Amino acid sequence: MKRREFVEKLGLGSAGAATAAVLGSRLSAEPATQHDHTQVDGPLAQATVSFGQWRTDLSPALDRYPNNNPRTANSHKLIPYIATIKAGGAVTFLISGTHQVSIYGPGTTLDSITRNIVDAMAGPPPFPGFIDDPVNRIYRGPDPRPLPQDRVEAVTFAAKGTYLVVCTLVPHFDEGMHGFVKVV
Ligand SMILES: [Cu+2]
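Following the numbering used here, the numbering of the sequence shown begins with 317 at its first residue and continues without gaps.
Below is the structure:
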């Protein structure tokens with residue numbers, strides 16, 4: 317069916333036809349993969365991963381008031397270590413502390429990531445920089461330095477497989493701060 321016929325069948329006048337033309341061009345200008353409106357539901361639709369945690373086992377007790385973020389009072393774990401979702405689902409990373417989330421596709425291991433360092437600064441204060449290896453990387457989070465120390469990043473996983481999630485802040489990467497997302 318030609319567009320003119322289609323518009324006439326819808327009972328749109330010339331103004332409606334103009335609107336349809338604008339909508340049509342706008343839609344065709346968007347990348348085909350931009351929006352997926354299918355719904356994701358059920359128990360494996362979403363998992364929450366704690367990405368760095370403030371400690372409560374210190375003496376004296378950690379007191380962040382009014383706005384303290386002591387590096388030495390932050391635990392560098394992903395909890396749970398292995399999160400499981402289904403394909404199309406999401407993982408919500410609840411981030412506390414100075415961390416950068418990077419996610420690698422199936423096959424990448426901690427040892428296979430190239431230790432290429434970016435943004436290191438002599439200071440003062442010195443900053444150790446981030447690991448930047450784009451090979452098989454499917455997601456890299458923002459530079460955490462200007463951001464709140466407590467924040468959220470939600471990420472979707474389209475395909476099945478086991479994904480490596482690492483903190484790419486250099487000292488955390490070097491101590492092996494990582495976990496996995498299993499997409500089933
Ligand atoms: Cu970290």
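Positions of the beta carbon are idealized from the N, C-alpha and C atoms, including for glycine.
Note that the coordinates shown come from a computational prediction; the quantities given were computed from them, not determined experimentally.
Going by CA-CA distance only, name the one from the options that's closest to residue i.
i	options	result
Val-417	Thr-372, Lys-498, Pro-359, Ser-366	Ser-366
Ser-391	Trp-370, Phe-496, Val-434	Trp-370
Leu-410	Gly-477, Leu-485, Pro-464, Gln-350	Pro-464
Thr-472	Tyr-420, His-415, Pro-376, Asn-384	Tyr-420
Arg-456	Val-499, Ala-436, Leu-480, Asn-385	Leu-480
Ala-399	Arg-467, Gly-477, Ala-363	Ala-363
Arg-453	Ser-428, Thr-388, Ala-470	Ser-428
Gly-423	Gln-350, His-353, Thr-478	Thr-478
Thr-408	Val-500, Pro-386, Tyr-381, Ala-470	Ala-470
Ile-433	Leu-360, Thr-425, Asp-449	Asp-449
Ser-412	Val-500, Thr-354, Pro-460	Pro-460
Val-451	Ala-403, Leu-426, Asp-435	Leu-426
Asn-384	Pro-440, Pro-458, Thr-414	Thr-414
Asp-466	Ala-438, Pro-386, Arg-431	Pro-386
Gly-404	Ala-438, Gln-355, Pro-458	Gln-355
Thr-388	Leu-374, Gln-350, Ile-401	Leu-374
Lys-476	Pro-462, Lys-498, Pro-440, His-351	Lys-498
DSSP state of residue i, grouped into three classes?
i	result
Asp-379	coil
Leu-485	strand
Asp-435	coil
Thr-414	coil
Asp-427	helix
Thr-478	strand
Thr-472	strand
His-494	strand
Ala-403	coil
Val-500	coil
Arg-371	coil
Arg-461	coil
Thr-354	coil
Ala-361	coil
Would the C-beta of residue i count as close to ligand 2, meaning under 7 angstroms from any of its heavy atoms?
i	result
Gly-405	This structure does not include ligand 2; its bound ligands are ligand 1.
Requested in this report: Using the beta-carbon of each residue, find all residues closer than 7 angstroms to any heavy atom of ligand 1 and list them in chain order.
Outcome: Gly-368, His-392, Gly-413, Thr-414, His-415, Gln-416, Cys-483, Leu-485, His-488, Met-493
Query raised in the report: Is the number of C-beta pairs between the region 393-404 and the region 480-498 that are closer than 8 angstroms three or more?
Result: yes
Query raised in the report: For the 8 angstroms Cβ check, are there 3 or more pairs between the region 439-455 and the region 475-486?
Result: yes
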